[in-house]
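Working notes for the structure below.
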Amino acid sequence: MFPTSAVQSIASHNNHKHQQLSSIEEGNTLVAEEEQEILTCGINYLSSTSIHGKNKFSLLKNTNELYGTGENKFGQLGYSSLTKKVFHFTKIPFDVPNRKIIKIASGENFSFLLTDYQELYATGVNNYGQLGFGDKDGRLKFTLVPIQELMKSKSSTIIESISCGFSHSFLLTLNGNLYCCGENFCGQLGLLNSQDVLSFQKIELPFKVKQIVCVLKSSLILNEKSELFVCGDNSCNQIGIPSQSKVFGFTKINNLPPIKRISEGFGVYTILISKYNEIYGSGDNSYCQLGFEGSCQEIETYKIINEVQKNYNYISKGNIFVTCGSFFTVILMSKFNLYENSNDTVFVTLLFDCYNNLYFTDVKIIAE
Numbered sequence: 001m002f003p004t005s006a007v008q009s010i011a012s013h014n015n016h017k018h019q020q021l022s023s024i025e026e027g028n029t030l031v032a033e034e035e036q037e038i039l040t041c042g043i044n045y046l047s048s049t050s051i052h053g054k055n056k057f058s059l060l061k062n063t064n065e066l067y068g069t070g071e072n073k074f075g076q077l078g079y080s081s082l083t084k085k086v087f088h089f090t091k092i093p094f095d096v097p098n099r100k101i102i103k104i105a106s107g108e109n110f111s112f113l114l115t116d117y118q119e120l121y122a123t124g125v126n127n128y129g130q131l132g133f134g135d136k137d138g139r140l141k142f143t144l145v146p147i148q149e150l151m152k153s154k155s156s157t158i159i160e161s162i163s164c165g166f167s168h169s170f171l172l173t174l175n176g177n178l179y180c181c182g183e184n185f186c187g188q189l190g191l192l193n194s195q196d197v198l199s200f201q202k203i204e205l206p207f208k209v210k211q212i213v214c215v216l217k218s219s220l221i222l223n224e225k226s227e228l229f230v231c232g233d234n235s236c237n238q239i240g241i242p243s244q245s246k247v248f249g250f251t252k253i254n255n256l257p258p259i260k261r262i263s264e265g266f267g268v269y270t271i272l273i274s275k276y277n278e279i280y281g282s283g284d285n286s287y288c289q290l291g292f293e294g295s296c297q298e299i300e301t302y303k304i305i306n307e308v309q310k311n312y313n314y315i316s317k318g319n320i321f322v323t324c325g326s327f328f329t330v331i332l333m334s335k336f337n338l339y340e341n342s343n344d345t346v347f348v349t350l351l352f353d354c355y356n357n358l359y360f361t362d363v364k365i366i367a368e
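Numbering (this note's numbering), first residue to last: 1 to 368.
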């Protein structure tokens, strides 16, 4: 059976399904009961879950109040004191006047937030310099990161996204520049070496970046042409380069169509969605989580997963959302069934899972 908690988080509260879809795309499948109450109240919010799901943030946009729950033994929740675990969503002190929090991101035992003044704050463990302060000292509360001198021009200081791996961090600016810091043992910073970086450093690339996804010790980016480049740990072929356990510079994956979405599973496998709604997978497949029918073998490089389209006779016109767990994958599809001799278009949303199955199976829990 598909995990009940994951189904409930996706299927419940149909009147808020658009917010749920956003949560699926971010990879937040497990939602605490307290956060469900926030959802049902219709309050506009942002959320972020750490890379192993050990801590979670929720921001109430209406009031700019930040709440956190989970592990805090390294100060990653920013409560100003070391508390091993926080069992309920508790308000986090962030008392910077006239500032609104617009982005939240979490890695393994460390966290970032960004204000509407493009000020970056960080807290938690910093043993590889992943907070970007220029040192290896951890922080117990959200502390301003000195990034303004690094990004000189006004346009480059607009941070589009923050992405965190196990112990490395990336900033992507609106004009497509990429900045990194933290651990680099596997080459996950894309700097063509294995030296850790203690302050945010610009990566010199011959193209502009439009998307960055960090996984445990790997990094994946899409350029302005929607081409995929990868670097870092490849011990399970999770970034799709055969016969290389580590990749030290961003390397293009050839023979792929334009990619629009990247999803990763616990740092050991990756799912791609192409511009044409094709689904590709690479990496660990021990539990058949990639959904290749009849095979649980590791996939060395990105291979199209035909089973979803092959087993269901439809034309997919809408969005496809993918979320990956450690050993299972969920695909949510917006489907348009086209009937002969009819101008009517019927919208149906179906959920597919590959959990204790050898291929993607229609769960049939959402239908309109």
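Glycine is no exception: its CB is placed at the ideal position from the N, C-alpha and C atoms.
- CA-CA distance, Thr69 to Asp116, rounds to 24 Å.
- Contact check for Lys208 against Gly176 passes: the beta carbons are separated by less than 9 Å.
- With respect to the 9 Å criterion, Phe321 and Gln289 are not classified as neighbours on the basis of their beta carbons.
- A distance below 9 Å separates the beta carbons of Ser161 and Gln211.
- No Cβ-Cβ contact shorter than 9 Å links Val230 with Ser163.
- The residues Thr69, in chain order, have a CB closer than 8 Å to that of Phe87 in the same chain once the five nearest residues on each side in sequence are set aside.
- With fewer than 16 other CB atoms across the displayed protein chains lying within 10 angstroms of its CB, Ser81 is exposed.
- A direct Cα-Cα distance of roughly 12 Å separates Leu332 from Ile273.
- The alpha-carbon separation between Gly129 and Ser167 amounts to approximately 8 Å.
- In the same chain as Ser235, and ignoring 5 residues on each side of it, the C-beta atoms closer than 6 Å to its own belong to Ser245, in chain order.
- For the pair Asp135 and Lys91, the Cα-to-Cα distance works out to about 28 Å.
- Excluding sequence positions up to five before and after Leu171, its CB lies within less than 7 Å of the CB of Ile159, Ile162, Tyr179, Phe200, all in the same chain and listed in chain order.
- The DSSP-derived three-state label of Arg99 is coil.
- Thr143 and Thr173 do not touch by the CB rule: their CB atoms are close to 21 Å apart, not below 8 Å.
- Take Ile147, set aside five residues on each side of it, and the residues of its chain with a beta-carbon closer than 6 Å to its own are Leu120, Phe200, in chain order.
- Where Lys202 is concerned, the enclosing beta strand (DSSP E) starts and stops at 197-202.
- Looking only at Lys225, Phe112, Asp95, Val125, the smallest Cα-Cα distance to Thr63 is reached by Asp95.
- The three-state secondary structure of Asn223, taken from DSSP, is strand.
- DSSP places Gln238 in no beta strand (DSSP E); its state is neither H nor E.
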